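> The structure that follows is given in the form of structure tokens.
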Amino acid sequence: RVQSLRALLCSMLILFWLTTVAALSFLNATRLERTARPYNSPVSLEAYVAACGPDAWQQSSMAHTQYMCAHLEGHRVTWVGQLKQVRILETENALETFLGLLPLPVARWMRCVYGDKYPPCNSSERKLTASEERLCRTPLPARHPCHLKRLDRYKFELTLVTLGPGAADSQRDVYLRGGNEFRELLLRVPHGSKMEVSTRLEGPGLGARWPAFDLRAARCLGCSANEGWEEAQEEEEEGGGAGPALGRRFLKVEYDWWSTALSGVKFAFNFFFSPLLSVE
């Protein structure tokens, strides 16, 4: 009876792991198919504004427009429009928050160790970079000799308008919100630039005034010819970097929890069945 019980438990354990691996393989294939879908929906920015914007509200009502535009939910679109404005919604700096709890002399010393010193604006010993010159033009004095702005993490909101007529109407504005992955682009992109953005139509903002969508990808079309971008490239080269890739596509970075969970399952499977069976 003991041997038959052991054989039964071993068979159940093998069946459990085989079922788990098969289920994970199926879910992984489904996930890859879902995430590989491109942002190429035929719904253009002009078409969305026409169907879900002020013109549609005047024909019926905003509530009816929201009801009808809810059918667009799930479309993965890539829009081309004109950048009206970029603003910072939120700034996070964990080290700055921690230093706020320390005594002022210690915090000031650590701020200079991990951060950057403010440039000597009145000194003629060395030539200031373009960013330092802009910083020196700020009329307000700095509170500390050093700063941690390089470690700031931002959440942005950009306002996109159509390229055609009616762009001046604020009710036609579309808002997209992105994280720190778009910092290099959104802190330097000039006002009025032609932008290409990718997003997914979802949320209660569909058909309402000033909808806000999650920014998945963005790039500036023709920004390499702008003066501000040339200065940014000069700053990166002076700092020893390779300079920003002008006009490249910036993507949203999402935590891949699925790969982490799959790695844990693989480790557990290999721990119990290696070297007879193993999963690569």
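In terms of mature numbering (1 follows the signal peptide of the UniProt record, and there is no 0), the sequence shown is residues -23 to -1, 1 to 257. Every residue gets a Cβ at the ideal spot worked out from N, C-alpha and C, and that includes glycine. Since we're looking at a predicted model, the values are computed, not measured.
For residue 53 versus residue 25, is the C-beta distance shorter than 8 angstroms?
no
> Reducing DSSP to helix, strand and coil, say where residue 241 ends up.
helix
> Where does the unbroken alpha helix (DSSP H) through residue 152 begin, and where does it stop?
Unbroken run through residue 152 is the beta strand (DSSP E), 151 to 155; no alpha helix (DSSP H).
> Residue 186 by DSSP, collapsed to three states: which one?
In the structure shown, residue 186 falls within a coil segment according to DSSP collapsed to helix, strand and coil.
> Using beta-carbon positions only, say whether residue 125 and residue 113 come within less than 8 angstroms of one another.
no
> Residue 200 by DSSP, collapsed to three states: which one?
helix
> How would you call residue 188, buried or exposed, if buried means at least 16 neighbouring beta carbons within 10 angstroms?
buried
> Please report the distance separating the alpha-carbon of residue 50 from that of residue 18.
Rounded to whole angstroms, residue 50 to residue 18 spans 11 angstroms at the Cα level.
> Express the C-alpha separation of residue -8 and residue 134 in angstroms, rounding to a whole number.
48 angstroms
> Are at least three pairs of beta-carbons, each pair with one atom in the stretch 166 to 176 and one in the stretch 186 to 200, less than 8 angstroms apart?
yes
> Here's the rule: buried if 16 or more other CB atoms are within 10 angstroms of the residue's CB, otherwise exposed. What is residue -14?
exposed
> Does the contact criterion of 3 or more C-beta pairs under 8 angstroms hold for the stretch 85 to 96 versus the stretch 34 to 42?
With the cut-off at 8 angstroms, the stretch 85 to 96 and the stretch 34 to 42 do not touch.
> If you check the beta carbons only, do residue 22 and residue 151 fall under 8 angstroms apart?
yes
> Answer with buried or exposed for residue 58, where buried requires no fewer than 16 other C-beta atoms within 10 angstroms of its C-beta.
buried
> Could you check how far apart the C-beta atoms of residue 166 and residue 200 are, in whole angstroms? I think they sit under 8 angstroms.
6 angstroms
> Are residue 98 and residue 123 closer than 8 angstroms when you measure CB to CB?
no
> Using the three-state DSSP reduction, which class does residue 255 fall into: helix, strand or coil?
Reduced to three states, the DSSP call for residue 255 is coil.
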